[in-house]
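Below: one structure, written as structure tokens.
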Amino acid sequence: MAAKTTAKKPAIKKKTTRKAPQKKLVIVESPSKAKTIEKYLGRTYKVVASVGHVRDLPKSRMGVDIENNYQPDYISIRGKGSVIKELKKDAKAAKAVYLASDPDREGEAIAWHLASLLKDSNDNLNRVTFNEITKDKVKEAFKEPREINMDLVDAQQARRILDRLVGYSISPILWKKVKKGLSAGRVQSVALNLIIKRENEIRNFKPEEYWTLDAEFKHGKDQFGASFYGLDGKKTKLPNNEAVQKVLGQLDRQAPFDITDVERKERRRSAQPPYTTSTMQQDANRRLNFRTRKTMMAAQQLYEGINIGEGATVGLITYMRTDSTRISAVAKHEASQFIHDEYGAEYAATKPVKGKLPEGAQDAHEAIRPTSVFRTPAKMKQYLSNDQYKLYNLIWSRFVASQMTPQVMDTMAVMIEQNHVDFRATGSKVKFPGFTKVYKRGDDKDNLLPDLNVGDQVMLVSDNPAQHFTQPPARYTEAALVKSLEENGVGRPSTYAPTLDTIQRRYYVKLTARHFEPTELGEIVDKIIGEQFPEIVNVKFTAEVEDSLDEVEVGKENWVKVVDEFYQPFSKEVERAEEQVAKIEMKDELAGSDCDICGAPMVVKMGRYGKFHACSRFPNCRNTKAIVKDTGVKCPVCHEGNVVERKSKRNRTFYGCSRYPDCDFVSWDRPIERECPKDHHFLVEKKVKGGKQVVCPNGDYKEEIQK
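Our numbering numbers the first residue of the sequence shown as 1103 and each following residue consecutively.
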């Protein structure tokens, strides 16, 4: 019998699970920036956001060890626990960590704080920076990672610690001596002081009378204007009407006037350099009526990335916090090519405009410019919000103009004389528009004179003497205040927006018709700081401190030494102020009405957004009312109540019915007691650039208000 053979069963192979390859972790500040960068780097990278700072000094105490070389006691920011936990988890699983926060002091400090938190999770920590968020620049940056620059970190730390020492030393004195909720700071105290000094100049200003004498002359069929220049060829002022009448008495109105001098010149005007943070904020305020905070918010969005169709997200501008006007060779070449193609070779500057760098400028950054000049505002408009488009158009135009040839003007100045009385007329004509082809200015229009020559005669048509009085200096606008702070070397680009925001939130100043006006509270705070801490509001001293902090940034100064040199004399001033400053009683002013809940008198109180009415029995009675201003206009909806002026939560003026909530009429523009002649809708008075208009909110009817 044959033996049985058993067939071998085939061996079952065990399934091997492939381990997913480790990704490289990139940490940026904002989620929108993270999305843009992740698209550029591809699948081997994971990009996450820290959402700003993760560590800071504690809010509840000073947080600076004065006895131990001013060492800061950093703690995790409240609410960031889950973010930090997730970052540690991602770092542990990552092949390498790249800290890609913004390319400035603040960004370097954020990278250092992240590194301090993540060093136990991953020891392969790298720092990368880029001035523009475009595919090429981002990829280029990741080829050359570096270590964290501790000089930049120390410069930021020193500023933060100095601000904390000033704020947490002076603020408690203000709380004790004036009222709770007040604050002081290095830069904000100087800004407030500048506003109040200007207000005092306005109060103390004594107007002086002066006169002008304009005239209309005729040469053949041409008529033109001229102004009184002087007597016997010498410039002469007209201080009063008597002087004007004396001049007019010398003239023979029926006799001709002689052209005694004609000067023809060619004037060239060069473009300004591209924007720095400060000049961008100033121009956006002047040209677009943008508040500083609004400008920086729109600029941040343009820098971090905009989806320009088909899933392509790209940063449209370079980094928006810079005090440099430098432009890269690549950007200059691209601009030159664009100008040649779009406008012609005669418009392209052979030597691109070089702006003068301010002292201490961070020349590591370029000026603010478009990342590609070929992304014109017209092409980008469909992808941008209204605010983004306006700001991008401004940045793009200024940059392109800076790479264009000068504007050329033909100018003409004419002297007109009769009986020793001289008039002067000036005219100009644009010979070649140059950079103004892109970047318009308000004075680009032609102002032509007739073709006059020496020996020609003209006839007087009319004269117009006018009385004037010298005007006080104007209050600061946001643009003017930023310019003043920059010129005085106080603060740096990143500080201007939060500084202006703080002095308004504290109600130290208010914006009236776009100009800063100090409040009573602001003047009290400024007086205390000025008397007790004169160096804090000393512009020169504050600028010197800024210069020392800039020296820390380039490794020439030790940050502890800089802080100590400031703090030692300052601490003695704090001790003296504690003893010398008397408590200021801000007495409540009677409102002239009674509480409609308990019948007690109502008083005027000062709140975060200004004054309001409150019951004098507070806290037993908590009745409050907004202070409203009656316009005297009947409500156009219910016709029973009056239209009153109110303030929104953001301190913006609006108009509503005094019978609210029974009548819910509301308008941002002031209604007037007239109906639209077209549809009988109520009309409103609207503020527009250069004045006001009466418009119909329901249609296209409008009329200009004469000044």
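By construction, the Cβ of each residue, glycine as well, lies at the ideal position given by its N, Cα and C atoms. Quantities reported herein were computed from a predicted structural model and do not represent experimental measurements.
Reducing DSSP to helix, strand and coil, say where residue 1461 ends up.
Any reading at residue 1461 needs caution, since the residue's pLDDT is 48, under 50, leaving its predicted position unreliable; the model's value is listed next. Three-state result, residue 1461: coil.
So residue 1125 and residue 1148 are in contact, right, with Cβ under 8 Å, and what is the actual spacing, rounded?
5 Å
According to DSSP, what are the bridge partners of residue 1759?
1745
Could you pull the start and end residues of the alpha helix (DSSP H) that residue 1495 belongs to?
1488-1504
Which one of 1418, 1737 and 1602 has the shortest CA to CA distance from residue 1135?
1418
Rounded to a whole number of angstroms, what is the C-alpha to C-alpha distance between residue 1476 and residue 1383?
24 Å
Taking 8 Å as the cut-off, does the region 1425-1439 touch the region 1153-1164 (at least 3 CB pairs, one atom from each stretch)?
no
According to DSSP, is residue 1733 part of a helix, a strand, or is it coil?
strand
So, under 8 Å CB-CB, residue 1362 and residue 1517 are touching, yes? Tell me the CB distance rounded to an integer number of Å.
5 Å
Between the region 1659-1676 and the region 1256-1276, do at least 3 Cβ pairs fall closer than 8 Å?
yes
Could you tell me the distance, in whole angstroms, from the CA atom of residue 1220 to the CA atom of residue 1379?
32 Å
Less than 7 Å between the beta carbons of residue 1364 and residue 1555, yes or no?
yes
For residue 1790, three-class secondary structure by DSSP:
strand
Got a sec: does the ligand SAH put a non-hydrogen atom nearer than 6 Å to the Cβ of residue 1697?
As for the ligand SAH, it is missing from this structure, which has no ligand bound.
What are the partner residues of residue 1214, as DSSP defines its beta bridges?
Its beta-bridge partners do not exist; DSSP assigns none.
Taking a contact to mean a Cβ-Cβ separation below 7 Å, would you say residue 1366 touches residue 1511 in this structure?
no
Are the beta-carbon atoms belonging to residue 1420 and residue 1141 less than 7 Å from one another?
no
Buried or exposed for residue 1272, please, with buried defined as at least 16 other CB atoms from any protein chain shown within 10 angstroms of its CB.
buried
Tell me where the beta strand (DSSP E) around residue 1374 begins and ends.
It is not in any beta strand (DSSP E) - residue 1374 carries neither H nor E in the DSSP assignment.
Skipping 5 residues on each side, what residues in its chain have a beta carbon closer than 7 Å to that of residue 1743?
1737, 1759, 1760, 1761 and 1765
DSSP bridge partner residues for residue 1312 (one or two, in chain order):
1570
Inter-stretch contact at 8 Å, needing at least 3 Cβ pairs: the region 1596-1604 / the region 1300-1319:
no
If contacts are defined as beta-carbon pairs under 8 Å, then residue 1470 and residue 1376 qualify, I think. What distance do you get, rounded to the angstrom?
6 Å
Below 7 Å between beta carbons: does that hold for residue 1802 and residue 1786?
no
For residue 1215, does the count of other Cβ atoms within 10 angstroms reach 16, so buried, or fall short, so exposed?
buried
Alpha carbon to alpha carbon, how far is residue 1491 from residue 1351?
58 Å
C-beta contact flag for residue 1626 and residue 1280 at 7 Å:
yes
Drop a sphere of 10 angstroms on the beta-carbon of residue 1615, count the other beta-carbons inside from all chains shown, and report buried for 16 or more, exposed for fewer.
exposed
Since residue 1174 sits in a beta bridge, which residues does DSSP pair it with?
1166
Have a look at 1232, 1593 and 1624 and flag the residue whose alpha-carbon is nearest the alpha-carbon of residue 1276.
1624
Measure from the alpha carbon of residue 1675 to the alpha carbon of each residue in 1632, 1549, 1691 and 1685, then state which is nearest.
1632
Should residue 1222 be labelled buried (16 or more other beta-carbon atoms within 10 Å of its own) or exposed?
exposed
Distance between residue 1592 and residue 1292 (C-alpha atoms, nearest Å)
8 Å
Count the other C-beta atoms from every protein chain shown that fall within 10 angstroms of the C-beta of residue 1205, then say buried if there are 16 or more, exposed otherwise.
buried
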